[in-house]
Amino acid sequence: MHTRQATIHGEVTFRAGDGATITIPEGPVSLDEAPDSVTLGWEADEDVVGSAALPRQQYEQYVKEGKIRVKGG
Numbered sequence: 003m004h005t006r007q008a009t010i011h012g013e014v015t016f017r018a019g020d021g022a023t024i025t026i027p028e029g030p031v032s033l034d035e036a037p038d039s040v041t042l043g044w045e046a047d048e049d050v051v052g053s054a055a056l057p058r059q060q061y062e063q064y065v066k067e068g069k070i071r072v073k074g075g
């Protein structure tokens, strides 16, 4: 995988399995890219890390909308 940095601007959500929709907090995230998905990682609280795997199509839509802004991208 290739890791890059990005910033969340606006509402970016994901659904973990059949569970509720969860909002990724605005701010810095790391991106670990695979051919079919992108995993976002962030610090939710002090010493608490969150992560979410987005299907590549959903990730690309958020980038197009400006909700995920990739550094250097």
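Following this note's numbering, the numbering of the sequence shown begins with 3 at its first residue and continues without gaps. Ideal Cβ positions, reconstructed from N, Cα and C, are used throughout, including at glycine.
Residue i and residue j closer than 8 angstroms at C-beta
i: Leu-42; j: Val-50; result: no
i: Asp-34; j: Thr-5; result: yes
Rounded straight-line distance, which links the Cα of residue j to that of residue i
i: Glu-13; j: Ile-70; result: 9 angstroms
i: Gly-74; j: Ser-53; result: 22 angstroms
i: Pro-11; j: Gln-60; result: Note on identity: in this sequence residue 11 is His, with Pro being the wrong assignment. Approximately 15 angstroms between the Cα atoms of the pair.
i: Ile-26; j: Phe-16; result: 8 angstroms
i: Trp-44; j: Leu-56; result: 14 angstroms
i: Gln-63; j: Gln-7; result: 17 angstroms
i: Val-72; j: Lys-66; result: 11 angstroms
Three-state secondary structure assigned by DSSP to residue i
i: Glu-45; result: strand
Nearest candidate by alpha-carbon position, reference residue i, set the options
i: Ser-39; options: Arg-58, Glu-28 and Glu-48; result: Arg-58
- Message: At 3 residues or longer, what runs of the beta strand (DSSP E) sit wholly inside the segment 13–65?
- Response: 14–17, 23–26, 29–35, 39–47 and 50–57
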